[in-house]
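Input: a single structure, listed below in structure tokens.
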Amino acid sequence: QIAYVNGSFVPLSEAKVSILDRGFLFADGIYEVAAVLDGKLIDNASHLARLERSVGEISLALPETTERIQEIQKELIARNKIVNGMVYLEVTRGADTGRDFAFPKAVKPTLIMFTSVKDIVNAASAKTGIGVITVPDLRWERRDIKSVALLAQVLAKQAAAEAGAGEAWMIEDGKVTEGGSSSAFILTQDDVLVTRQNSSAILPGCTRKAVVALAEERQLRVEERPFTVEEALAAKEAFITSATVFVQAVVSIDGKQVANGKPGPMTNRLREIYVDFARATAV
Ligand code: PLP
């Protein structure tokens, strides 16, 4: 396994950054994850656009152009012979000589990437669906920034894992914000697709955006608004979206079954539609 660190391709076991790196000390960094299908990047323009937006929101200049970043992503996929999996990338404000909170001057940002293998299309959970648990949303108020400060999600997803669930849905003011690492959707009894509108309360999911557009193109009614757990439990179907699961059915919430406890037909259809879109637009 080869990783990329600040201009070099090195074995993953030798890939290192300083203990003074601000990503490590302050979580002063941004990340992105793009899926790889048949050796190609999925919806990467959307991920790179979000990367540019996230770094802009924290006044961090990318050390490379997004064009160059995509070239590096592709080179890493080729070097690691990734057929199906993902590329993780992270950019931090770099390593200073100490631990001043304010931005250091003349410090170069750190850029790292690594890959991992995952057969997203044929994942077992795609057929069975997953259970989710609900937890309070303990995050800060700028969740629209894809920052590496993920402790609230680490704790949420650990609680899910301990409960035998596949994801945690985070709750704020009685409404679902999103999953620990995914966007949340329901299909109401009258066939309206509901997902929370983008705002600083959630991350603007790239997969969410594509699925909403694909659904609207097919004349499906979409309502972007918050929903409650009670609404989700009364829904026809529920699912999550993310770069690493695409569209994934949610069949139970806190141990209570959604509909008949099986992935619903609309979820399965949107999953197929998304996979077709992914393959057709891969780079
Ligand atoms: N919401 C959160 C909090 C996430 O961490 C993620 C992905 O990691 C998503 C939503 C889904 O975003 P995307 O579809 O761009 O992977």
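Residues in the sequence shown are numbered consecutively from 3, following the UniProt record's numbering. Ideal placement from N, C-alpha and C gives every residue a C-beta, glycine not left out.
For residue i, the first and last residue of its enclosing beta strand (DSSP E)
| i | result |
| --- | --- |
| I255 | F248 to I255 |
| A186 | S185 to L189 |
| A5 | I4 to V7 |
| E92 | G87 to T94 |
| E180 | K177 to G181 |
| I173 | E169 to E174 |
| T197 | V194 to T197 |
| F105 | It is not in any beta strand (DSSP E) - F105 carries neither H nor E in the DSSP assignment. |
| L113 | T112 to V119 |
| V12 | S10 to P13 |
Check: residue i C-beta below 6 Å from any heavy atom of the ligand PLP
| i | result |
| --- | --- |
| L205 | yes |
| E164 | no |
| A126 | no |
| S202 | no |
| S10 | no |
| T94 | no |
| A245 | yes |
| S185 | yes |
| E180 | yes |
| T209 | yes |
Contact check, residue i vs residue j, beta carbons under 7 Å
| i | j | result |
| --- | --- | --- |
| E226 | Q199 | yes |
| residue 1 | S202 | Lying outside 3 to 285, the shown extent of the chain, residue 1 is not represented and no answer is given. |
| I135 | A186 | no |
| I275 | L189 | no |
| V252 | F229 | no |
| T112 | V89 | no |
| D39 | A280 | Reading the sequence as shown, one finds Leu at residue 39 and not Asp. It is a contact, given that the beta carbons lie within the stated cut-off. |
| I242 | S184 | yes |
| I204 | L235 | no |
| N124 | I4 | no |
| A37 | I132 | no |
| I84 | V7 | no |
| A158 | V137 | yes |
| E218 | V224 | yes |
| G87 | K120 | yes |
| T209 | S244 | yes |
| K238 | A212 | no |
| S20 | A97 | yes |
| R141 | L27 | no |
For residue i, the first and last residue of its enclosing alpha helix (DSSP H)
| i | result |
| --- | --- |
| T130 | A126 to T130 |
| A158 | L153 to E164 |
Residue i beta carbon near the ligand SAH (any heavy atom closer than 6 Å)
| i | result |
| --- | --- |
| T269 | Ligands present in the displayed structure are limited to the ligand PLP, and the ligand SAH is not among them. |
- Query: Fully enclosed by the region 20-74, which alpha helix (DSSP H) runs are 4 residues long or longer?
  - Reply: 24-28 and 46-59
- Okay, do the region 78-96 and the region 33-43 touch, 3+ Cβ pairs below 8 Å being the bar? The answer is yes - the region 33-43 touches the region 78-96, with three or more Cβ pairs under 8 Å.
- Task: Counting only runs of 3+ residues fully inside the region 209-269, write out the beta strand (DSSP E) ranges in chain order.
- Result: The qualifying runs are 223-226, 239-244 and 248-255.
- Message: Pairs of beta-carbons, one from the region 39-52 and one from the region 152-167, closer than 8 Å: are there three or more?
- Response: no
- Message: Could you check whether the region 8-20 touches the region 121-130, counting it as contact only if at least three pairs of C-beta atoms, one from each stretch, sit closer than 8 Å?
- Response: no
- Query: Would the region 15-24 and the region 52-59 be scored as touching if the rule is three or more Cβ pairs under 8 Å?
  - Reply: no
- Message: When you compare the region 254-269 with the region 143-157, are there three or more beta-carbon pairs, one atom per stretch, that lie closer than 8 Å?
- Response: no
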